[in-house]
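Start counting the sequence shown at 1; every next residue gets the next number (UniProt numbering). Here the structure comes first, spelled out in structure tokens, and everything after it is commentary.
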Amino acid sequence: MESIPMSPDTSSAPGPDTAARVDSGSVVSGATPLTIITGFLGAGKTTLLNRLLGGDHGLRAAVLVNDFGSINIDADLVVGVADDMISLANGCVCCEIRDDLLGAVERLVNCATPPEHIILEASGVADPASIWATFAGSQRPDWVRLDGVTCVVDTEQIFEHLDEAPDLLMLKARQIGFADLVVLNKVDLAGPATAAWVRQWINTMMDRVRTVEAVRADVPLEILLGIRCEGREPSFEQPHSLEQPQPQLSHREQFQTWTFRTDRLFDPRSLQEMIRRDLPGEVYRCKGFVRVAGDTPQPMLLQSVGRRSELVPSATKATATHSEIVAIGTSALDTQRLHRLFEHCLVAT
Ligand SMILES: Nc1nc2c(ncn2[C@@H]2O[C@H](COP(=O)(O)OP(=O)(O)OP(=O)(O)O)[C@@H](O)[C@H]2O)c(=O)[nH]1
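The structure is reproduced here in structure tokens:
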């Protein structure tokens with residue numbers, strides 16, 4: 001595994017002549033534009049997707065949502081496209097369920113009223129180059145053309161978890177390196193100085209990556225859609241160090257998901273306190289719908305990224321008979337400990 005500099009030391013910056021061009025194939029007229037949203041777990045991809053879908057662009061967009069876990073929580077978080085959304089769960093679209101991805105796109109482009117644009121929210125562990133290779137290597141590459149790849153970065157937590165999993169930085173760098181646009185998200189949490197540092201780190205590592213800072217993925221739609229509609233050659237520029245395909249490790253071997261289900265009610269305070277204080281560093285992300293004790297009959301949406309968590313009334317789920325939380329982390333998750341930690345946050349019956 002090649003190392004990636006963690007400081008913006010410009011002496012290691014690749015020059016323009018080291019940038020490799022990876023051709024995505026020629027533009028085929030009539031092909032449906034595809035926008036890929038990539039970025040690590042919890043960076044803000046669904047937040048960006050919802051902004052895109054709620055935007056005033058007039059496009060009839062279909063959405064493909066891929067969650068790594070066995071339950072596609074994201075599909076419940078996407079607003080307003082019930083009939084035009086396909087949920088791809090239980091595997092990562094870049095390696096494990098590539099055929100499902102192709103099948104889903106085939107159904108979309110061949111349906112009675114095909115979408116004008118397809119947006120794919122990749123799983124947080126996906127390598128976008130491998131996703132695009134699926135289309136480029138398929139029998140029917142003319143179904144879709146790549147409109148753009150946007151990578152959402154959690155600016156505050158980009159360097160988290162590197163002690164437990166140093167390879168994560170390579171994955172994040174590959175996601176950034178393949179993107180046409182990098183959204184440096186969560187600047188409200190990171191602060192301007194960290195944002196400037198991360199931007200400089202990216203510029204040091206990669207040439208000509210466009211970055212934009214954002215809070216809650218609030219970026220102008222014009223810079224997200226139609227990136228390749230201007231007759232520009234579709235090509236990707238990546239630093240030499242990222243040019244090689246990922247080692248053929250399935251994400252199942254690198255990352256693990258674990259699900260907690262219960263009919264009992266959570267104590268909301270204990271749950272958030274446990275995540276802040278006790279959740280092991282091997283857990284990158286938790287999300288799910290939970291039923292809590294108290295006056296809130298509606299299910300609550302739990303989201304945690306590292307030690308930060310949000311617990312808010314669900315905007316999309318009116319009822320739930322039980323709580324369901326998915327955790328994603330390293331392949332060394334201590335699931336018994338996790339079970340004990342979450343169980344400890346339930347109210348006594
Ligand atoms: N404070 C703050 N929170 C944010 C921002 N953007 C997103 N969030 C929160 O971060 C959490 C994760 O956001 P998502 O949009 O679900 O992230 P994601 O990349 O889709 O997550 P995965 O699909 O699990 O990889 C949620 O609780 C969001 O409300 C931001 O700019 N600032």
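The beta-carbon is built from N, C-alpha and C at its ideal position, and this holds for glycine as well. Quick caveat: nothing in here was measured; it's all calculated off a predicted structure.
Paired residues, beta bridge with residue i - DSSP
i: residue 66; result: 88
i: residue 300; result: 290, 313
i: residue 191; result: In DSSP, residue 191 forms no bridge with anything.
i: residue 326; result: 259, 287
i: residue 350; result: The shown model of the chain, from 1 to 349, leaves out residue 350, and the question about it has no answer.
i: residue 146; result: 34
i: residue 346; result: 266
i: residue 211; result: 182
i: residue 151; result: 38, 182
i: residue 305; result: 285, 308
For residue j and residue i, the rounded distance between their alpha carbons
i: residue 109; j: residue 143; result: 7 Å
i: residue 236; j: residue 151; result: Note that residue 236 scores 40 on pLDDT, short of 50, meaning its location in the model is unreliable and no value can be drawn from it.
i: residue 181; j: residue 347; result: 45 Å
i: residue 113; j: residue 195; result: 42 Å
i: residue 335; j: residue 218; result: 36 Å
i: residue 23; j: residue 104; result: Unreliable placement is indicated for residue 23, whose pLDDT of 33 sits below 50; the coordinate value is still reported in the next sentence. When rounded, the distance between both Cα atoms is 24 Å.
i: residue 223; j: residue 155; result: 19 Å
i: residue 159; j: residue 291; result: 33 Å
i: residue 89; j: residue 192; result: 36 Å
i: residue 134; j: residue 87; result: 18 Å
i: residue 34; j: residue 99; result: 17 Å
i: residue 148; j: residue 256; result: 29 Å
i: residue 93; j: residue 332; result: 22 Å
i: residue 95; j: residue 226; result: 27 Å
i: residue 253; j: residue 326; result: 17 Å
i: residue 106; j: residue 131; result: 15 Å
i: residue 266; j: residue 197; result: 39 Å
i: residue 117; j: residue 30; result: 11 Å
i: residue 233; j: residue 136; result: With a pLDDT of 38 at residue 233, under the threshold of 50, the predicted position of this residue should be treated as unreliable, and no value is reported.
i: residue 342; j: residue 275; result: 9 Å
i: residue 372; j: residue 32; result: Residue 372 cannot be examined here, being either before or after the span of the chain that is shown, 1 to 349.
i: residue 78; j: residue 124; result: 16 Å
i: residue 281; j: residue 330; result: 9 Å
i: residue 153; j: residue 40; result: 7 Å
i: residue 65; j: residue 85; result: 7 Å
i: residue 350; j: residue 102; result: No information on residue 350 is available, as it lies outside the stretch 1 to 349 that the chain covers here.
i: residue 273; j: residue 169; result: 28 Å
i: residue 271; j: residue 48; result: 26 Å
i: residue 36; j: residue 111; result: 21 Å
i: residue 206; j: residue 316; result: 39 Å
i: residue 73; j: residue 210; result: 30 Å
i: residue 97; j: residue 91; result: 6 Å
i: residue 161; j: residue 309; result: 17 Å
i: residue 59; j: residue 289; result: 31 Å
Burial state of residue i (16 or more Cβ within 10 Å)
i: residue 345; result: buried
i: residue 1; result: Any reading at residue 1 is ruled out, since the residue's pLDDT is 39, under 50, leaving its predicted position unreliable.
i: residue 259; result: exposed
i: residue 294; result: exposed
i: residue 208; result: exposed
i: residue 145; result: buried
i: residue 337; result: exposed
i: residue 318; result: exposed
i: residue 278; result: exposed
i: residue 188; result: exposed
Nearest-angstrom beta carbon gap, residue j and residue i [assumed within contact, 8 Å]
i: residue 122; j: residue 46; result: With 8 Å as the limit, residue 122 and residue 46 do not qualify as a contact, their Cβ atoms being about 11 Å apart.
i: residue 349; j: residue 269; result: So it is not a contact: roughly 18 Å between Cβ atoms.
i: residue 119; j: residue 75; result: Going by Cβ atoms, the distance from residue 119 to residue 75 rounds to 13 Å, so no, they are not a contact pair.
i: residue 68; j: residue 251; result: 7 Å
i: residue 314; j: residue 262; result: 17 Å between Cβ atoms; not a contact.
i: residue 320; j: residue 299; result: 4 Å
i: residue 212; j: residue 183; result: 6 Å
i: residue 185; j: residue 44; result: 4 Å
i: residue 221; j: residue 57; result: 5 Å
i: residue 178; j: residue 126; result: Actually they are not in contact, since the Cβ atoms of residue 178 and residue 126 sit about 10 Å apart, beyond 8 Å.
Any non-hydrogen atom of ligand 2 closer than 7 Å to residue i Cβ
i: residue 54; result: Summarising the ligand content, the structure contains ligand 1 and does not contain ligand 2.
Residue-level contact to chain D via CB, residue i, 8 Å cutoff
i: residue 313; result: Checking the listed chains, one finds no chain D in this structure; it contains a single protein chain.
Check your understanding: Is the segment 49-58 touching the segment 159-166, taking contact as three or more C-beta pairs under 8 Å?
Key -> A contact is defined here as three or more CB-CB pairs under 8 Å, and the segment 49-58 fails this definition with respect to the segment 159-166.
Exercise for review: Would you be able to state if there are at least three C-beta pairs under 8 Å between the segment 272-290 and the segment 300-314?
Suggested key: Cβ pair count under 8 Å is three or more, so yes.
Check your understanding: Do the segment 170-177 and the segment 198-218 touch if we need at least three Cβ pairs shorter than 8 Å?
Key -> Contact holds: three or more Cβ-Cβ distances are below 8 Å.
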